[in-house]
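Visitor: Sequence lines, in order, name chains X and L.
Take the position in the first sequence, starting the count at 1, then add 439; the result is the number in this note's numbering.
Take the position in the second sequence, starting the count at 1, then add 439; the result is the number in this note's numbering.
Glycine included, each C-beta is placed from N, C-alpha and C at the ideal position.
Got a structure for you, written out below as structure tokens; questions coming shortly.
2 protein chains.
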Amino acid sequence: MPTRMANPGKTKMTQRRIAELAGVSQATVSLVLNGKADAEVRIPASTRQRVLDVIAGTSYVADPAARRLAGVGNKILGVFTYEPAFPSASIDFYTPLLTGIEAEAEKLGCDLLVFTSAPVENSRRRLFHENNRLGLADGALLLGREMDPVELQRLVAMDFPFVAIGRRDVDGVPYVGVDYATGTALLARRAYDLGHRRFALLHLDSTGESGLDRQRGFHDELATHPDARVWTGPATSGNLAPIWRSIRDFAPTVVFVESPEHAAELARIARDDGVEIPRDLSVVVLGEVAVPDALATDFTRLSPPRVRLGAEAVILLSRMLDPDDEPAPAELRRLLDCGIADGATLVAPVTA
Amino acid sequence: MPTRMANPGKTKMTQRRIAELAGVSQATVSLVLNGKADAEVRIPASTRQRVLDVIAGTSYVADPAARRLAGVGNKILGVFTYEPAFPSASIDFYTPLLTGIEAEAEKLGCDLLVFTSAPVENSRRRLFHENNRLGLADGALLLGREMDPVELQRLVAMDFPFVAIGRRDVDGVPYVGVDYATGTALLARRAYDLGHRRFALLHLDSTGESGLDRQRGFHDELATHPDARVWTGPATSGNLAPIWRSIRDFAPTVVFVESPEHAAELARIARDDGVEIPRDLSVVVLGEVAVPDALATDFTRLSPPRVRLGAEAVILLSRMLDPDDEPAPAELRRLLDCGIADGATLVAPVTA
DNA sequence: CAAAGCTGGTAATGCGTATTACTATCTCCG
DNA sequence: CGGAGATAGTAATACGCATTACCAGCTTTG
């Protein structure tokens, strides 16, 4: 239980001590440090230099807590992940995001406060809890496959600056997301152009925005092709065998699968069933790859620009925090183009 | 430039407002919140409950900056990485450490403050800089392949609680490291027991403690075997061809290589030279794997317990911060046993 | 030469919390 | 019934910094 002070015995360097050493007042030190030289307050170069010289001779650094308390932003961006960020199950989801976030934060000179203390409730972290340290940060980034709308609304209500990563259809929530609809539509069109006419879509039961987006992109695109036939079904977790039989009965030439794990599983079942992929059946993956090792197969799939997603979120947040900037409403809710990994599992159907 | 306050317009919830609503004083609210009920100060259950009820009806959370300023530890652990943590070049070095750190911090209810704002100087971050936010954290973890001894001394001098990950031979620096010497010795002994008698060691020029440890473990072990012959040479970056010729002239049956990249490169050159690995030459890797993809070969190698390293560092730091705990000097400088990945490149020599 | 302006600062205050010292009221006991 | 103790709080202060209001001494101007 870390509760001891950082500097138990030592006399800490403060502006007051600097002031004594330089023969000025604490206020003067503060003014020098903050480069204030309005018409209101004048500090001659000689005095300024004297103060700076004293500081240079010490290890003084302004106490961030005090700065914060005095009402100054302190360049700390909160990072909240709805699941632990590093365990291997999540690592490939969060790591690229964090890469972008870190790089951009470094450029801006911001530190990152990772809210690892959030209590876990039914395998999701809860943002609001006693002694949450949200208030220490100037603003925050929210990462996670799914987020609690109530918490989002509460953040909006308290006017706390934050940016969600991933599209969130909650009023007033700024986000940077991925245009899965268009990406999925592009893949569907690519399949159509290759000659596919019978499409299956194995989707998740999740109600997440991104899943709905993908399904929308899929259906909207195929709706423009009257000769395309579509089968849709939800993937129940666990045994995909029954679902596979339904799909086989429909006899699609291409199947779109939301979950990479399901795709791998489905491909295995199909092979056991004498269906060779991609010769007899093309497979397209739409969802997030949780563990790349699970994908021995180089599936044709969506490839969201995750690193950029993180970076753009930081940029947006920093703009929201900049008093001289006022992002337009449209800029507060952005979708980035989704990349496509060509892969090897989408080919022209044999019947074409 | 994030400088705007977090709560521009809204009226922030404070203890004072809670106090007004509950009809008590701010002090009482604080006392209730901190569960103080000494013989000195008594708060009857009725009042306590009234205050708690009011708080439950609001979104009050204590301002961490104020807590900090008031001299209370705030359960924030600083994390400083000497290189950006996430870019792919470093990712496999830092990620396991961060995994352990995050998991342990979560257990302790601590948040992590990642010092991404540190300015980069000749490709290393500098810990001390104007407005560094070190002081916001109760203590800090230092990660990196190499660290600046001057900065470490300064941290020690200012009595700031911190733990370095990796052995650091600087007076007063607490660390959790890996016992590379013993690990390397074990591998050397394993090779000897397999029948190897001619050993080559291709080491780095680095002066880092861990590199020296490995070399020491290697030499100490082989010194106990009078019939072992040893060749040693530094790996200059870039072209390994000349070094390979030296090694070949020595005709070892096993070569220990500190850098995995060098091992991969050396193996390639050796194969081109008609030397089959491991049949004609066993290869053992001692160093950190920066990018696993670079290792198509499943080298026999040291496998430091990185996740545990991170976790143990957090545990040690939290003990240092616990007023009721006083880790013994020996506990402040620990080495964890180094694991060994069996791999496929250490086999008995043909001549044996 | 008095008033006005300028120069170079400083004193005072607030931020939100924790904690200590203290006070006012009530109760019990002799 | 008067004093000792217990009870239930509160006022005051510190933490380190930023900022505003102000002031003293000097210079210029009318």
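#1: Can you grab the Cα-Cα spacing for the pair S562 of chain L / A524 of chain L, in whole Å?
#2: Taking the Cβ atom as the reference point for each residue, do V602 of chain X and L760 of chain X lie within a distance shorter than 7 Å?
#3: Can you give the Cα-Cα distance for I457 of chain L and N473 of chain L, rounded to whole angstroms?
#4: Step through the CB atoms of chain L and report whether any lies within less than 7 Å of the CB of L798 of chain X.
#5: Roughly how many angstroms separate the alpha carbons of R572 of chain X and R593 of chain X, rounded to a whole number?
#6: Kindly indicate the opening and closing residues of the alpha helix (DSSP H) around G517 of chain L.
#7: Counting only Cβ pairs nearer than 8 Å, list the residues of chain X close to R456 of chain L.
#8: Which residues in chain L have a C-beta closer than 8 Å to the C-beta of N815 of chain X? List them in chain order.
#9: Counting only C-beta atoms, is T555 of chain L closer than 7 Å to chain X at any point?
#10: Tell me whether A767 of chain X sits in a helix, a strand or coil according to DSSP, three-state version.
#11: Quick one: measure Cβ to Cβ for R637 of chain L and A674 of chain L, integer angstroms, because I've assumed they're closer than 8 Å.
#12: Give a yes or no on whether the minimum CB-CB distance between L651 of chain X and chain L is below 7 Å.
#13: So is A544 of chain L buried or exposed if we call it buried at 16+ other beta carbons inside 10 Å?
#14: Between T736 of chain L and chain X, is the shortest Cβ-Cβ distance under 7 Å, so that the two count as touching?
#15: Going by alpha carbons, who is nearest to A787 of chain L out of L:L720, L:E765, L:D764?
#16: At which residues does the beta strand (DSSP E) containing A702 of chain L begin and terminate?
#17: Put P691 of chain X into one of helix, strand or coil per three-state DSSP.
#18: Would you check if the distance between the CB atom of R655 of chain X and the CB atom of A620 of chain X is smaller than 7 Å?
#19: Are R740 of chain X and G782 of chain X close, meaning C-beta to C-beta below 7 Å?
#20: Using a Cβ-Cβ cut-off of 7 Å, state whether T538 of chain X counts as contacting chain L.
#21: Compute the Euclidean distance between the alpha carbons of K475 of chain L and I482 of chain L, then round it to the nearest angstrom.
#22: Does the Cβ-Cβ distance between L582 of chain L and T520 of chain L come in under 7 Å?
#23: Nearest chain L C-beta to C549 of chain X closer than 7 Å, yes or no?
#24: Relative to the C-alpha of A596 of chain L, which residue among X:P717, X:E648, X:T497, X:G517 is closest?
#25: Output the distance between the C-alpha atoms of G578 of chain X and I716 of chain L, rounded to the nearest integer angstrom.
#26: Pick helix, strand or coil for F638 of chain X, following the three-state DSSP scheme.
#27: When you compare only the Cα positions, how much space is there between D776 of chain L and A576 of chain L?
#28: Answer with yes or no whether the minimum CB distance from G496 of chain X to chain L is below 7 Å.
#29: Would V500 of chain L pass as an interface residue toward chain X - the criterion being a Cβ-Cβ separation below 7 Å?
#30: Between V493 of chain L and A461 of chain L, is the Cβ-Cβ spacing less than 7 Å?
#31: Name the two residues that bound the continuous beta strand (DSSP E) containing P673 of chain X.
#32: When we look at the beta-carbon of D666 of chain X and count the other beta-carbons within 10 Å, is it buried (16 or more) or exposed?
#33: Closest by CA to S742 of chain X, which one among X:I754, X:R718, X:I779?
#34: Is N571 of chain X close to chain L? Criterion is C-beta to C-beta, closer than 7 Å.
#35: Show which residues of chain X have a CB atom less than 7 Å away from the CB atom of R593 of chain L.
Guide: Reading it off the structure:
#1: Cα to Cα, the separation comes out at about 13 Å.
#2: At least 7 Å separates the beta-carbon of V602 of chain X from that of L760 of chain X.
#3: In a straight line, the C-alpha of I457 of chain L is about 15 Å away from that of N473 of chain L.
#4: For residue 798 of chain X there is no data in the structure shown, the boundaries of chain X being 440 and 791.
#5: Counting only the Cα atoms, R593 of chain X lies some 15 Å from R572 of chain X.
#6: For G517 of chain L, there is no enclosing alpha helix (DSSP H); the residue is found in the beta strand (DSSP E) stretching over 515 to 520.
#7: Correct list: empty, because the minimum Cβ distance to chain X is about 14 Å.
#8: This structure does not reach residue 815 of chain X, given that chain X is present from 440 up to 791, and the question cannot be answered.
#9: Contact with chain X is found for T555 of chain L, since one of that chain's Cβ atoms lies less than 7 Å from the residue's Cβ.
#10: Three-state DSSP puts A767 of chain X in coil, outside helix and strand.
#11: Not confirmed; about 19 Å, so no contact.
#12: By this cut-off, L651 of chain X is not an interface position.
#13: So A544 of chain L ends up on the buried side.
#14: It does not; no Cβ of chain X falls within 7 Å.
#15: Checking every option, the nearest Cα to that of A787 of chain L belongs to L:L720.
#16: Where A702 of chain L is concerned, there is no enclosing beta strand (DSSP E), although the alpha helix (DSSP H) it sits in stretches over 699 to 711.
#17: DSSP places P691 of chain X outside both helix and strand once states are collapsed to three, so it counts as coil.
#18: Yes, the Cβ-Cβ distance between R655 of chain X and A620 of chain X is below 7 Å.
#19: Result yes, Cβ atoms of R740 of chain X and G782 of chain X sit closer than 7 Å.
#20: Chain L, which has a Cβ nearer than 7 Å to the Cβ of T538 of chain X, makes this yes.
#21: Distance from the CA atom of K475 of chain L to the CA atom of I482 of chain L, rounded to whole angstroms, is 8 Å.
#22: In this structure, T520 of chain L lies closer than 7 Å to L582 of chain L by Cβ.
#23: Answer yes: the Cβ-Cβ gap between C549 of chain X and chain L drops below 7 Å somewhere.
#24: Nearest option by C-alpha distance: X:T497.
#25: Answer to the nearest angstrom: the Cα atoms are 54 Å apart.
#26: In this structure, F638 of chain X counts as strand in the three-state DSSP scheme.
#27: Going by the C-alpha atoms only, they are around 30 Å apart.
#28: Taking 7 Å as the threshold, the shortest C-beta distance from G496 of chain X to chain L does not fall below it.
#29: The Cβ of V500 of chain L sits closer than 7 Å to at least one Cβ of chain X.
#30: Their beta carbons are under 7 Å apart, which means V493 of chain L touches A461 of chain L by this criterion.
#31: Unbroken beta strand (DSSP E) run through P673 of chain X: 668 to 673.
#32: Under a 10 Å Cβ-count criterion, D666 of chain X is classified as exposed, with fewer than 16 other Cβ atoms of the shown protein chains found around its own Cβ.
#33: Checking every option, the nearest Cα to that of S742 of chain X belongs to X:I779.
#34: Against chain L, the CB of N571 of chain X has a partner CB under 7 Å away; the residue lies at that interface.
#35: Result: S498.
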